[in-house]
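Encoded as structure tokens, the structure appears first; notes follow it.
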Amino acid sequence: MDINFGLSQEWQFMTEFNNVRNCIVHANGDIKKMNSTVALKDIIDKKPTLSLNNENNIIISLNYLKDTITKIRKLFQWLYTHLDQSSK
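Below is the structure:
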């Protein structure tokens with residue numbers, strides 16, 4: 001089945017979340033150790049719930065985590081609805 005995730009309003013957030021997640025997992029949150037430093041800086045600059053400390057490590061607020069959970073839930077609801085409609 002071919003699903004166009006770009007139709008989901010949450011997909012852009014999820015691609016940005018994936019960049020943040022990769023930095024945390026693979027570089028302990030240090031954006032300087034990532035190839036995507038510029039993209040990460042852009043993501044952090046436009047999200048008031050993310051910031052950098054003096055060592056260029058990502059600081060995540062509780063609100064970012066809450067928003068992430070909400071967006072993931074909405075993405076899965078969208079996916080379920082899409083798959084349910086496609087199976088009829």
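Residue numbers (the UniProt record's numbering): 1 to 88.
For each residue, glycine too, the CB sits at the ideal point set by N, CA and C.
What did DSSP end up calling residue i once you bin it into helix, strand or coil?
i, result
"N54", "coil"
"I3", "coil"
"E10", "coil"
"S87", "coil"
Assuming residue i and residue j are in contact, meaning their beta carbons sit under 8 Å apart, how far apart are those beta carbons, in whole angstroms?
i, j, result
"I43", "L50", "7 Å"
"K74", "E10", "5 Å"
"I58", "I3", "In fact, because the Cβ distance is near 30 Å, the residues do not count as touching under 8 Å."
Taking all protein chains shown into account, decide if residue i is buried (16 or more other Cβ within 10 angstroms of its Cβ) or exposed.
i, result
"L40", "buried"
"residue 105", "Residue 105 is absent from the model: the chain starts at 1 and stops at 88."
"G29", "buried"
"S8", "buried"
"I31", "buried"
"residue 90", "Residue 90 is absent from the structure shown; the chain starts at 1 and stops at 88."
- Message: Threshold first: 3 residues or longer. Then list the beta strand (DSSP E) segments lying entirely within the region 18-68, N to C.
- Response: 50-52, 58-60
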